[in-house]
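There are 2 protein chains.
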Amino acid sequence: MKFTIQREQLTNAINIVSKAVSSRTTIPILTGIKIVAHEDGITLTASDSDISIEQYVPMESGEHQWIEDITPGSVVLPSKFLGEIVRKLPGEQVTISVNERFITTISSGRSEFNLNGMNAEDYPCLPQIEEDKILSLPSDLLKTMIRQTVFAVATTETRPILTGVMWELRDGQLSLVATDSHRLTTRKASVESAASLSFDNVVIPGKSLIELSKVLPDDDQLVDLVITDNQILVKINYILFYSRILDGTYPDTSRIIPQNTKTEIILSTKEFLGAIERASLLAREGKNNIVRLFTRPDGMVEISSNTPEVGKVTEEVAPSSVDGEDVKISFNAKYMIDALRAVDSENIRIGFTGAMSPFIIRPTEHDWILHLILPVRTNQ
Amino acid sequence: MKFTIQREQLTNAINIVSKAVSSRTTIPILTGIKIVAHEDGITLTASDSDISIEQYVPMESGEHQWIEDITPGSVVLPSKFLGEIVRKLPGEQVTISVNERFITTISSGRSEFNLNGMNAEDYPCLPQIEEDKILSLPSDLLKTMIRQTVFAVATTETRPILTGVMWELRDGQLSLVATDSHRLTTRKASVESAASLSFDNVVIPGKSLIELSKVLPDDDQLVDLVITDNQILVKINYILFYSRILDGTYPDTSRIIPQNTKTEIILSTKEFLGAIERASLLAREGKNNIVRLFTRPDGMVEISSNTPEVGKVTEEVAPSSVDGEDVKISFNAKYMIDALRAVDSENIRIGFTGAMSPFIIRPTEHDWILHLILPVRTNQ
Numbered sequence: 093m094k095f096t097i098q099r100e101q102l103t104n105a106i107n108i109v110s111k112a113v114s115s116r117t118t119i120p121i122l123t124g125i126k127i128v129a130h131e132d133g134i135t136l137t138a139s140d141s142d143i144s145i146e147q148y149v150p151m152e153s154g155e156h157q158w159i160e161d162i163t164p165g166s167v168v169l170p171s172k173f174l175g176e177i178v179r180k181l182p183g184e185q186v187t188i189s190v191n192e193r194f195i196t197t198i199s200s201g202r203s204e205f206n207l208n209g210m211n212a213e214d215y216p217c218l219p220q221i222e223e224d225k226i227l228s229l230p231s232d233l234l235k236t237m238i239r240q241t242v243f244a245v246a247t248t249e250t251r252p253i254l255t256g257v258m259w260e261l262r263d264g265q266l267s268l269v270a271t272d273s274h275r276l277t278t279r280k281a282s283v284e285s286a287a288s289l290s291f292d293n294v295v296i297p298g299k300s301l302i303e304l305s306k307v308l309p310d311d312d313q314l315v316d317l318v319i320t321d322n323q324i325l326v327k328i329n330y331i332l333f334y335s336r337i338l339d340g341t342y343p344d345t346s347r348i349i350p351q352n353t354k355t356e357i358i359l360s361t362k363e364f365l366g367a368i369e370r371a372s373l374l375a376r377e378g379k380n381n382i383v384r385l386f387t388r389p390d391g392m393v394e395i396s397s398n399t400p401e402v403g404k405v406t407e408e409v410a411p412s413s414v415d416g417e418d419v420k421i422s423f424n425a426k427y428m429i430d431a432l433r434a435v436d437s438e439n440i441r442i443g444f445t446g447a448m449s450p451f452i453i454r455p456t457e458h459d460w461i462l463h464l465i466l467p468v469r470t471n472q
Numbered sequence: 093m094k095f096t097i098q099r100e101q102l103t104n105a106i107n108i109v110s111k112a113v114s115s116r117t118t119i120p121i122l123t124g125i126k127i128v129a130h131e132d133g134i135t136l137t138a139s140d141s142d143i144s145i146e147q148y149v150p151m152e153s154g155e156h157q158w159i160e161d162i163t164p165g166s167v168v169l170p171s172k173f174l175g176e177i178v179r180k181l182p183g184e185q186v187t188i189s190v191n192e193r194f195i196t197t198i199s200s201g202r203s204e205f206n207l208n209g210m211n212a213e214d215y216p217c218l219p220q221i222e223e224d225k226i227l228s229l230p231s232d233l234l235k236t237m238i239r240q241t242v243f244a245v246a247t248t249e250t251r252p253i254l255t256g257v258m259w260e261l262r263d264g265q266l267s268l269v270a271t272d273s274h275r276l277t278t279r280k281a282s283v284e285s286a287a288s289l290s291f292d293n294v295v296i297p298g299k300s301l302i303e304l305s306k307v308l309p310d311d312d313q314l315v316d317l318v319i320t321d322n323q324i325l326v327k328i329n330y331i332l333f334y335s336r337i338l339d340g341t342y343p344d345t346s347r348i349i350p351q352n353t354k355t356e357i358i359l360s361t362k363e364f365l366g367a368i369e370r371a372s373l374l375a376r377e378g379k380n381n382i383v384r385l386f387t388r389p390d391g392m393v394e395i396s397s398n399t400p401e402v403g404k405v406t407e408e409v410a411p412s413s414v415d416g417e418d419v420k421i422s423f424n425a426k427y428m429i430d431a432l433r434a435v436d437s438e439n440i441r442i443g444f445t446g447a448m449s450p451f452i453i454r455p456t457e458h459d460w461i462l463h464l465i466l467p468v469r470t471n472q
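Protein chains in written order, with the working numbering: chain L, 93 to 472; chain S, 93 to 472.
Written as structure tokens, this is what we have:
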């Protein structure tokens with residue numbers, strides 16, 4: 093194998109696939125990046141047990157010549173060194189060549205590295221995917237949907253299925269649901285797909301989605317998603333992003349969302365978030381980061397917390413409106429902060445149905461987002 | 093105690109003194125910040141076993157009114173909470189008041205905190221300093237001198253005196269020296285002081301200097317330094333910065349600096365640094381981060397390293413000049429990288445006196461800086 097490539101192109105490709113490199117693995121070859129040189133370009137691949145990323149770099153794109161003098165072949169190089177070396181090389185071009193013992197020469201300007209490589213034939217194969225279920229949505233929308241749900245997945249493995257985000261497609265509407273059983277969040281969007289296409293219970297690990305969102309560009313170019321029984325494949329530009337799908341049945345969360353509310357409060361998202369963040373400064377020291385919210389006779393919403401060993405805090409927020417019964421409720425401030433940061437709306441509507449029933453936070457401006465938080469019982 | 097202060101002024105003052113707060117201490121009151129309200133302003137103080145910082149905020153400065161309605165008094169507040177609370181308060185002004193049980197009310201806008209404070213009378217006193225030995229130098233110069241020396245102090249406590257930077261003043265010239273016994277760095281500068289003032293063996297802990305340099309502004313206003321037997325006091329604006337001085341005698345380092353060299357090489361600092369950084373990418377995996385340098389018959393300087401389990405690297409640098417004998421020497425790349433990053437000069441002059449003798453790196457443009465590195469013996 094031999095080729096000469098623009099250093100910037102190689103750096104970008106390494107940065108992308110590196111997100112799938114196992115930092116801890118019992119399979120040494122997975123600490124490497126597989127490089128395959130074809131007649132018309134090169135492919136870089138990295139993989140861990142959950143995700144695999146493949147990036148293709150064509151010889152030329154538009155009027156740019158990115159790669160020259162390709163002799164086809166392949167090698168696996170230690171990703172830790174490959175990335176640092178290429179980033180620090182002095183020239184604009186890099187020449188990579190491999191000998192029969194997989195010793196790889198990387199040269200640029202007056203710098204020459206010889207790295208011990210591995211045989212690419214020992215590298216595991218990526219999943220074969222039949223492209224039957226395809227949907228498309230803009231990259232920036234997918235990125236936003238991930239950001240607005242993934243924070244709510246369970247971080248412990250008590251119920252492994254809850255460490256993923258559940259995807260469901262029905263009538264051209266994609267829904268993402270995440271819950272750690274103390275709070276729940278859903279995000280919906282219309283997407284392009286075959287009219288007949290529908291699925292549910294596609295549960296993608298939260299960690300995979302966080303890595304995917306780092307790879308997605310911040311513009312509205314369309315991303316294709318292919319769903320199979322145990323894999324999802326995301327295609328964007330020259331990148332293929334594979335993630336496994338979690339085994340098991342996601343709980344039916346539709347039933348826990350209350351349909352009627354006894355009180356509805358409309359608040360400025362920013363003002364309310366500021367008050368909750370301050371109230372949680374002291375509460376964080378306590379066990380459960382509990383803050384209390386109640387509607388005062390003078391029409392104000394009061395948020396407070398009390399951590400006897402440190403002190404207490406009282407915040408007032410002026411709501412736009414309060415409809416219904418008085419409210420007096422306690423909850424984990426972190427869940428509220430997460431939810432408010434994920435709401436893309438100037439104002440929010442909170443619906444309560446009782447001191448011990450889950451309450452709902454929605455943007456006032458649209459119906460795409462719903463957060464649900466379970467209150468906690470306190471003695472105060 | 094009670095006063096109302098501009099939130100920005102209070103935040104700045106907390107940020108400054110927080111650098112001296114003990115994160116781990118057996119004296120609980122030292123986790124706090126002492127606030128004293130005087131008739132004409134307030135003083136914040138924090139301290140750990142090595143350094144103490146005091147910041148005064150006057151009631152008014154120029155046409156700005158910073159503090160209003162002062163009732164004198166004092167309290168010690170937990171620094172962890174105080175900083176976060178003040179940073180997140182909603183209003184532009186903050187009112188702080190303390191009751192007789194040291195419970196402190198911090199209010200701003202619609203937010204009110206009650207923090208459990210401590211009695212300021214239990215806070216240790218700062219050292220009393222007689223201002224007999226005073227010198228002055230520009231803040232940015234002092235900051236540069238610290239940056240250019242402090243990296244070379246010992247990080248282990250085997251010889252505690254080497255964890256400090258040694259200061260010496262003679263004939264209006266201030267010298268800073270740091271060494272960890274494998275490399276040494278010196279930085280000199282002319283300063284303003286009484287003609288009769290001179291001192292040596294003033295060894296200031298490296299950690300104190302790092303904190304001091306965070307407090308120093310990036311401009312050329314004059315900083316006053318007061319030296320006593322066991323403390324140094326730095327005065328800048330309304331800040332007093334105290335550090336203890338290390339006990340013991342700093343080794344006489346002047347004798348280990350070779351006066352004659354057998355070979356002198358002049359190189360571009362940036363090009364040479366790039367080559368050493370790349371050569372050390374693989375060497376870092378080895379035990380001592382060793383790279384080899386030799387002068388080739390074709391006039392080039394070759395830098396290489398070999399880490400059998402990973403690979404090897406060869407770099408070429410074209411020197412501006414090579415005078416004297418051929419050189420073949422091995423050294424720790426980290427020491428060279430540290431030295432080159434601290435040289436404010438486009439080109440450097442390296443003087444060698446033999447494969448096992450210390451070598452010297454100096455800027456070509458001035459004489460204020462000298463780095464010395466001990467080579468290592470290798471079998472290669």
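Virtual Cβ for every residue (Gly too), placed ideally from N, Cα, C.
S:M448 burial status per 10 Å Cβ neighbour count (16 or more: buried):
exposed
First and last residue of the uninterrupted alpha helix (DSSP H) at L:S300:
G298 to V307
S:L229 lies in the alpha helix (DSSP H); which residues open and close that run?
Note, S:L229: premise wrong, no alpha helix (DSSP H); beta strand (DSSP E) at I226 to P230.
L:Q472 to L:I324, Cα distance in whole Å?
For L:Q472, the predicted structure reports a pLDDT of 49, less than 50, and the residue's modelled location is therefore unreliable. A value from the coordinates is still provided. Cα to Cα, L:Q472 sits roughly 48 Å from L:I324.
Top-ranked residue by Cα proximity to S:A287, from S:L266, S:G366, S:E438 and S:K426
S:L266
DSSP three-state assignment for S:Q472, whether helix, strand or coil:
Model confidence at S:Q472 stands at a pLDDT of 49, short of 50, so the residue's coordinates are unreliable and nothing is read from them.
Residue ranges of each beta strand (DSSP E) run of no fewer than 3 residues wholly in the segment 249-330 of chain L, ordered along the chain?
256-262, 265-271, 275-282, 291-297, 314-319 and 323-328
Helix, strand or coil, according to DSSP, for L:K111 in the structure here?
coil
Opening and closing residue of the alpha helix (DSSP H) in which L:T361 lies
T361 to A375
Compare the C-beta of L:E100 against all C-beta atoms of chain S and say whether one is closer than 7 Å.
no
Own chain, CB closer than 6 Å to L:R384, minus 5 neighbours either side, in chain order
S396 and S422
Determine contact between the segment 412-428 of chain S and the segment 220-238 of chain L, defined as no fewer than three beta-carbon pairs at a distance below 8 Å.
no
Of all the CB atoms in chain S, is at least one closer than 7 Å to the CB of L:E176?
yes
Report the option in S:K111, S:A129, S:G133 and S:I134 whose CA atom is closest to the CA atom of S:T123.
S:K111
Any chain S beta carbon closer than 7 Å to L:S203:
yes
In chain S, which residues lie less than 7 Å from L:T406 when you measure between Cβ atoms?
E204
DSSP three-state label for L:P120, please.
helix
Can you pull the chain L neighbours of S:V402, defined as C-beta to C-beta under 9 Å?
P170, F173, L207 and N208
Since S:L268 and S:I349 should fall inside the 8 Å C-beta cutoff, what is the C-beta to C-beta distance between them, to a whole number of angstroms?
About 15 Å; that fails the 8 Å criterion.
In whole angstroms, what is the alpha-carbon distance linking S:S114 and S:T197?
24 Å
DSSP beta-bridge partners for L:A212?
In DSSP, L:A212 forms no bridge with anything.
Does the Cβ-Cβ distance between L:Q147 and L:S231 come in under 7 Å?
no
Quick one: does S:G124 have its CB under 7 Å from some CB of chain L?
no
List the residues of chain L that S:L374 touches, going by C-beta distances under 7 Å, in chain order.
F173
Kindly indicate which three-state DSSP category S:K94 falls into: helix, strand or coil?
strand
Compute the Euclidean distance between the alpha carbons of S:K306 and S:P164, then round it to the nearest angstrom.
30 Å
Under 7 Å between C-beta atoms, does L:K180 make it to chain S?
yes
Is S:S115 close to the ligand FAD? I mean its beta-carbon at under 6 Å from any heavy atom of the ligand.
Summarising the ligand content, the structure contains no ligands, and the ligand FAD is consequently not present.
Kindly list, in the order they appear in chain S, the residues whose Cβ is closer than 8 Å to that of L:G366.
K180 and P182
DSSP three-state assignment for S:R202, whether helix, strand or coil:
coil
Taking Cβ positions, are S:I461 and S:A431 nearer each other than 7 Å?
no
Just curious, the alpha helix (DSSP H) that S:I429 is in, first and last residue?
A425 to R433
May I ask you to report which of helix, strand or coil DSSP gives L:A129?
strand
Report yes or no: is there a C-beta of chain S within less than 7 Å of the C-beta of L:R370?
yes
Could you round the C-beta distance between L:V357 and L:P411 to whole angstroms and report it? I think they count as a contact, below 8 Å.
Sequence inspection shows Ile at residue 357 of chain L; the Val mentioned does not correspond to that position. That pair is a contact at about 5 Å.
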